[in-house]
Amino acid sequence: MKIFTSSLALFFISISIFSQEATNAELVKKGLLQKQKIEKESLVKNIPFHNIGPSVMSGRVVDIDVNPDNTTEFYVGYASGGLWYTTNNGTTFIPVLDTAETINVGDIAVDWKNDILWVGTGENNSSRSSYAGVGILKSTDKGKTWKNVGLPDSHHIGRIIINPNNADEVIVGVTGHLYSPNESRGIYKTTDGGSSWKKTLFINNQTGIIDLAYAPNNFKTMYAAAWDKDRKAWNFRGNGTGSGIYKSMDAGSTWQKISLENSGFPTGDGVGRIGLAVFDENTVYAVHDNQFRRKKNNEEKNGDRLTKENFKTMSTDTFLNLEDKKLNAFLKTNGFQEKYRADNLKQLVRGGTVKPVDLAKYLEDANAMLFDTPVVGAEVYRTDDGGTSWKKTHTDFLDDIFYSYGYYFAQIQVNPSNKDHIYISGVPVLKSKDAGKTFTSINGKNVHADHHALWINPKNPNHLVNGNDGGVNISYDDGANWIKANQPIVGQFYYINVDNETPYNIYGGLQDNGVWMGPNTVREDDSWHQSGRYPWQSIMGGDGMQVQIDTRDANIVYTGFQFGNYFRLDRSKNKQTYIQPKHELGESPYRFNWQTPILLSPHNQDILYMGANKLMRSMNQGDDWTAISNDLTKGGKKGNVAYGTLATISESPFQFGLIYTGSDDGLVYVTKNGGGNWTKISDTFPKNLWVSRVVASSHKKERVYVTLNGYRWDDFKTYVYVSENYGQTWKNIGETIPMSPVNVIKEDPDNENVIYLGTDNGAYVSLNKGQKWHAFSKGLPNVAIHDLVIQPKAKDLILGTHGRSIYKTNIEAIQLLDSEIMKKELHVFEMSRIKWSEQWGVSWSKWLKPDEPSSTIQFYTTTAGSFSVQITTESGKVLQELSVKADKGFNYVNYDLTITEKGKDVLQKEFPDDEVSKRKNGKYYLPIGNYAVKISSKSISEKKLFEVQ
């Protein structure tokens, strides 16, 4: 196969020069104001979105704040799902951050005496999907309204603490930017409720503050945990010399480092994330993610077994002298392909085709490197002299808690009434009753494994409220048993898809919560508790990734978890087959993205594509694979995260083998002959940005769309392009979209003028091929839209969000919009047929609410103002009349199908044989028949007929 580079860069249209710099706070603020303006002027602002769940698996909790005087009242902060409030011990919650500029949360603090809420925006866990915030938000009315009170360039907030005796005195630990150096890191203090801030501690531009805690009876004595880290798309360094513990004796005005040489606490380059728990002025616990390498223990033996490490230094002679049985045991245990067995491997080694070290390399990928790193890991230290000296509380390694990703955890709590009772959060959550000498797990069977927050009731220490990757759990017996409180709909979806069943199903992969599917008609409420059958079904574990469904048989589903671990499921037989492609021995391992792309060919549903660093193709449903390209990336980078991988694939519906790929390091390629030749078509794009989507048009063979995402550089600009000639030249169509990284673009299947877009801060649509964009907002908070899909038969648009699960709306009216309709002052869309029911207005018990129907009347107008909506007989006699305020663009009127007393008389006079009776709820409803809806304003009016069957 051949790879070419396009030489038509000079024809590139309207693409700005790129520099890999973090977007400054002023531009972010400008973008937020621009979004508010676009939402106000949007033609689609009234199109309603409905959240259809799921909720049971929940999403990542970052903090919990409970009213100590009324423990049934508390707030929960979700990483990308907002702030939720309960007054009934988690039975139900309401979201209270949805009107704010962002719903990305790092930490929360509540002044319960004055009902003042503080939210530090931007998650502090430094995950792949830890979204940045916009500073500190404050509410004085329990979340009805919010004010940004500063620190806009902080991006990620570690901790907020409030002086319990002075609500205006607040200390904030700023973790800072995730992917770039940042001067705004450190500790900030306000004494005037956020009107002004003073930076009281700055260490360096890569070291921020991840935790703050004060002595319960002395706010002047407080401790801070500094964290030196650097994340890149290809590597995460979660430790450094800047990490350490600081102490203040004047309420955060000045600070001194106390984790010094000879203090007993680790120092140096291996110091990672630290969590703090203060019992009193003198007794403090610290949990530490120790990234120093473990010392080799010569006594550690693996018996007579071979390990991967053996082959890294093994000579050819030694290899050839291995016992075949012993070698085959290693090969089978480690999942080598069947063709690699002792006899033929030795033949390959003798011939020089393969070296012994290749067996070790064969097993290594970025995921293995991340999890196999031999670091010290979790440690707990305690001081009883205010930090002058520290002592490790345990003698053995605390294994199977942090693994090698302690950057995600490092939380510790101490019982407020017993300084020897502590808890540490990781995988799982542990407790110790002997000051950290020994630990036991309190992870219940109904509790997620990854933990980030724990509240201990100071008046009843057996009462715990826990926050984890799977939501909220409550215990009243010190963790022996747990209640699940997952009413909030806060799922963090990576990808979604739909099938063509009736009703159609929605599938999606979630962060750390697997892959789920459910009918689109599901109503998210608690009625399923009665039957015990939740309408959504889990079909895969791990971090759920992409899903492809065979259009011939919806039981055949392709999906999996992170780093390309994909399976073919046959749901009718409850069977799954592992299908990840494997490289040949002696070749470099394939590199698979965390979110590995897969695609069923629209031309043949037996043909499956999967993106590694090469494009892989299977002609038989994933049983066998062939690489149909060379490396389509820049070759990767040294690090502990897979990089230099394909991130997106698209095949044109017009031609088999017309395929586009996009990589995480900024390259886009096209082949027109199924991989025979490849041409690079991204030379004129901004460099090194993640290609979040490449999409071949379904309306024109030559057309292709590309979106780039700068999130992994803290670059929040929008990059959206279209080409009309297979990518030879490009046009920028994203310049007017408010600043936010772009995750997904989708062409409308029916109307080629319509394009949908999902960003890290909302969803948009263009009605004229990208010349102008309109924001969706009704029912949608400012949440990250990771994916969107259209069900063509139902004409539904489904949004997969990373923080608020799945939203749905019908887009038939948008699809019908053309130049003729847009020229009209008023256009009324056809109403759907209405099925009459004997149940309208009645219930089987007087204690239950009656069934009250509703139908939606949709119209489009070029003029905002007051409109009359009349329901009439075919001859024009008025049965019901409504007055509505309409906006320019699409408008929706919910009509409850009732008629007035006068309207009832009109009907009975016009149709004397029909009896219209009052229902039990005291209302009259339209009987079976033909009617009209007439909408008018001043000199304009239009009507449409509709039928009640």
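Note that the sequence shown covers residues 157 to 1105 in the working numbering. Each residue gets a CB set at the ideal place from its N, CA and C atoms; glycine is no exception. Here the structure is a predicted model, which is why all the values come from computation and not from measurement.
- Per DSSP, the continuous beta strand (DSSP E) segment holding residue 1092 begins and ends at 1085-1093.
- With a cutoff of 8 Å on beta-carbon distance, residue 402 and residue 432 are scored as not near each other.
- Looking from the CA of residue 747, the closest CA among 289, 798, 774 belongs to 798.
- Under the three-state reduction of DSSP, residue 329 is assigned to strand.
- Comparing alpha carbon positions, the residue from 218, 239, 655 closest to residue 298 is 239.
- Note: residue 368 is bridge-paired with 380 in the DSSP secondary-structure output.
- As computed with DSSP, residue 847 is found in a beta bridge with 864.
- Per DSSP, residue 506 is one residue of the alpha helix (DSSP H) stretching across 498-506.
- The beta-bridge partner set that DSSP reports for residue 434 consists of 440.
- Runs of beta strand (DSSP E) with 3 or more residues, each lying fully within the stretch 950-1023, are found at 952-957, 962-966, 982-984, 1011-1017, listed in chain order.
- Below 8 Å, enough C-beta pairs join the stretch 206-213 and the stretch 669-682 to call them touching: three or more.
- About 7 Å separates the beta carbons of residue 652 and residue 663, which is inside the 8 Å limit, making them a contact pair.
- Taking the CA atoms as reference points, residue 915 sits about 44 Å from residue 405.
- The beta carbons of residue 749 and residue 802 sit closer together than 8 Å.
- Counting the other CB atoms within 10 Å of its CB gives residue 759 a total below 16, which places it among the exposed residues.
- A check of alpha carbon separations from residue 702 across 761, 754, 895, 741 identifies 754 as the nearest.
- A check of alpha carbon separations from residue 398 across 386, 359, 373, 410 identifies 359 as the nearest.
- Ranked by Cα distance from residue 861, the first of 768, 645, 883 is 883.
- Per DSSP, residue 1078 is not a residue of any beta strand (DSSP E), being assigned neither H nor E.
- For residue 886, the secondary structure class from DSSP, reduced to helix, strand or coil, is coil.
- Here residue 530 is exposed. Its C-beta has fewer than 16 other C-beta atoms within 10 Å.
- Beta bridge pairing from DSSP links residue 717 with 721.
- Under the three-state reduction of DSSP output, residue 591 falls in the coil class, being neither helix nor strand.
- According to the DSSP assignment, residue 684 belongs to the alpha helix (DSSP H) that extends over 684-687.
- Rounded to the nearest angstrom, the Cβ distance from residue 585 to residue 559 is 15 Å, too far for a contact under 8 Å.
- Counting the other CB atoms within 10 Å of its CB gives residue 340 a total of 16 or more, which places it among the buried residues.
- Residue 343 and residue 309 have their C-alpha atoms some 13 Å from each other.
- Boundaries for residue 632: no alpha helix (DSSP H) harbours it, and the DSSP string shows neither H nor E there.
- Taking a C-beta distance under 8 Å as the contact criterion, residue 1026 and residue 1100 do not qualify as a contact pair.
- Per DSSP, reduced to three states, the secondary structure at residue 317 is strand.
- Between residue 426 and residue 189, the alpha-carbon positions lie close to 42 Å from each other.
- The residue from 230, 1077, 978 with its alpha-carbon nearest to that of residue 612 is 230.
- Residue 666: member of the beta strand (DSSP E) spanning 661-666, first to last residue.
- Across the structure, residue 1040 and residue 1049 are spaced so that their CA atoms are roughly 8 Å apart.
- Exclusion of the five residues before and after residue 493 leaves 738 as the residues of its chain whose Cβ lies within less than 7 Å of its Cβ.
- For residue 704, the pairing in a beta bridge is given by DSSP as 714.
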